[in-house]
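Notes follow once the structure below has been shown.
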Amino acid sequence: MDITSVTVGLPVSDIEASCLWYGAVFQRADPDLEPEDGVVEYEIGGIWLQLYRDADAERRPATVRFGVDDVRSQHARIGSLGIDVGPVECVDGAVDWFDVRDPDGNVLSLYSLVDEKGRTA
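Right, dumping it as structure tokens:
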């Protein structure tokens, strides 16, 4: 099997509100695609993140993890948007990370790999 692309679907209760939230987090004015009513997609780091309208979104949260160069600067930036971010957690010699929940409870986890001395690699 040759995988040509990956799309991760996240259920959201309000497409318009979610576009504003994800647009702010990903620094995008608009989604990359809107294939049909109630579905939008963002191309992020080589994958597609698909938001789709689901009235039961809050009962079915998902988690997606994104690697970034500097997790602490992203933590500060997203927090400055008025979004409640969790603390930066550190696993010495492995990874620094934090979680943030979208308005429907889906978890975005951002992380940076670190070297054996605990600094960002």
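For any residue, its number in the numbering used here is found by taking its place in the sequence shown, counting from 1, and adding 322. Every residue, glycine too, gets a C-beta built ideally from N, C-alpha and C.
In the DSSP assignment, the alpha helix (DSSP H) including residue i goes from what residue to what residue?
i	result
Ile337	Ile337 to Phe348
Val417	From DSSP, Val417 is part of no alpha helix (DSSP H) but of the beta strand (DSSP E) over Val417 to Arg423.
Short of 6 Å in beta carbon distance, which residues of its chain neighbour residue i, apart from the five on each side in sequence? Order them along the chain.
i	result
Gln396	Val390 and Leu432
Can you tell me where the beta strand (DSSP E) holding residue i begins and where it ends?
i	result
Ser434	Val429 to Leu435
Ile366	Val361 to Ile366
Gly401	Careful: Gly401 lies outside any beta strand (DSSP E), inside the alpha helix (DSSP H) at Val393 to Ser402.
Val330	Thr329 to Val334
Ile369	Ile369 to Arg375
Glu380	No beta strand (DSSP E) holds Glu380; DSSP gives it neither H nor E.
Thr385	Thr385 to Gly389
Going by beta-carbon coordinates alone, are residue i and residue j separated by less than 9 Å?
i	j	result
Pro425	Asp336	yes
Val347	Leu403	yes
Val328	Trp370	yes
Below 8 Å CB to CB, which residues in the same chain sit around residue i once its five sequence neighbours on both sides are set aside?
i	result
Val334	Ser340, Leu373, Tyr374, Arg375, Asp376, Ala379, Asp424, Pro425, Asp426 and Asn428
Arg350	Tyr344 and Tyr364
Residues in the same chain with beta-carbon distance under 7 Å from residue i, minus the five sequence neighbours each way, listed in chain order, please.
i	result
Gly331	Gln372 and Tyr374
Whether or not the region 386 to 393 and the region 337 to 346 are in contact is what I'm after, with contact meaning three or more pairs of Cβ atoms, one per stretch, closer than 8 Å; do they touch? no
Does the region 406 to 415 come within contact of the region 357 to 373, defined as at least 3 CB pairs closer than 8 Å? no
Touch test, the region 412 to 419 against the region 371 to 380, Cβ-Cβ under 8 Å, three pairs minimum: no
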